[in-house]
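The block underneath contains the structure these notes are about, expressed in structure tokens.
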Amino acid sequence: MALHYYIGTSGWHYNHWQDRFYPKKLTKAKWLEFYTSHFTTVELNNSFYRLPSETAFTTWHDSSPANFTFAVKVSRFITHIKRLRNSEEAVEKFVSRAKILGEKLGPLLYQLPPNMHRNDEVLESFLSTLPQGMKHVFEFRHQSWLEDKVFEVLHKHSIGFCVFDMPSASCPLVATADFAYIRFHGSTGLYWSCYSDEELADWAKRLANLARNLKAIYIYFNNDAEAFAVRNAITLRRYLEMGKL
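Shown next as structure tokens:
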């Protein structure tokens, strides 16, 4: 089974990346073009806070290469305010907007709030309403969700499980669909710490083992401070490519 690694960062529009990643004189309008010359995927984060306009999605589609992939973080209105309840209309609106990305649309990420405890009935009900033919993935921030029974429910619906790495919590390395999804939030400091080469080499080995029988692994670095995410993504990609030799 052919496996593809999608490796990038969570977002690309960071002012503090200028002169660290983006050339100092490069205009913001050219940042996505520059980003896509280094990576083949990105995780859209601003969609969590506000639903981007149709024009924005069209611009992102038209400004990126044919082989580029956008993972899209689902609105917090669905995950944090509605908390997955009575949200069919909101999901439909969000999905219809995200579909403007067309063939470049990757997984939709549902990040649940850290104070949302496990509720199998709510989860099952929500999963049963999700549109088919798309990749959906869940990041559970409360530890009560990280149980085999929950993984079985995700697997039954062919829904992905988001493996996260952060200093304040542990997470099992699990795949519940034919793809895996990994988010790196920082090893010692949330969003601001840089992963060492040794840590990333170890992750490369673990991901290579996880990759068996999978079609794809989506990997995004969310430690945007000092453009650490860019550096770490490039390093991990190199280690994974070395493992293929």
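The opening residue of the sequence shown carries number 3 in this note's numbering; numbering runs sequentially from there.
For glycine and all other residues, C-beta sits at the position ideal for the given N, C-alpha and C.
Runs of the alpha helix (DSSP H) spanning 4 or more residues and lying entirely within the region 50-90 occur at 56-64, in chain order.
A Cβ-Cβ separation of about 7 Å places H138 in contact with G162 under the 8 Å criterion. Counting along the chain, V152 sits inside the alpha helix (DSSP H) bounded by residues 150-158. Excluding five sequence positions before and after F153, the CB atoms of its chain that fall closer than 7 Å to its own CB belong to F163, V176, T178, given in chain order. Annotated three-state conformation of I161 is coil, per DSSP.
Distance from I236 to I184 at the Cβ level is roughly 16 Å; contact not present, criterion being Cβ atoms closer than 8 Å. Excluding sequence positions up to five before and after F230, its CB lies within less than 6 Å of the CB of C196, all in the same chain and listed in chain order.
The three-state reading of DSSP puts G245 in helix, counting H, G and I together.
Of the residues H63, E56, V124, N69, the one whose Cα lies closest to the Cα of L86 is V124. In this structure L114 is in contact with R143, their Cβ atoms being roughly 6 Å apart against a cut-off of 8 Å. Under the three-pair Cβ rule at 8 Å, the region 43-60 does not count as touching the region 19-29. The straight-line gap separating the alpha-carbon atoms of C173 and T190 is approximately 15 Å. Per DSSP, the unbroken beta strand (DSSP E) holding A218 starts and ends at 218-223. Out of K101, L34, F36, K75, the CA that lies nearest to the CA of E56 is found in K101. Rounded to the nearest whole angstrom, the CA to CA distance from V76 to R214 is 28 Å. Pairing F186 with N211 gives a Cβ-Cβ distance that is not under 9 Å.
Fully enclosed beta strand (DSSP E) runs of no fewer than 3 residues occupy 181-186, 218-223 of the region 164-243, in order along the chain. For Y7 and L209, the gap between their C-alpha atoms comes out near 10 Å.
Out of R52, V232, V74, the CA that lies nearest to the CA of G104 is found in V74.
Counting along the chain, F23 sits inside no beta strand (DSSP E), nor does DSSP assign it H or E at all. Taking the C-beta atoms as reference points, W62 is found no nearer than 9 Å to F50. Distance check between K217 and each of D204, A182, F36 places A182 closest, using alpha-carbon atoms only.
With respect to F70, T38 sits close: the two C-beta atoms are nearer than 9 Å.
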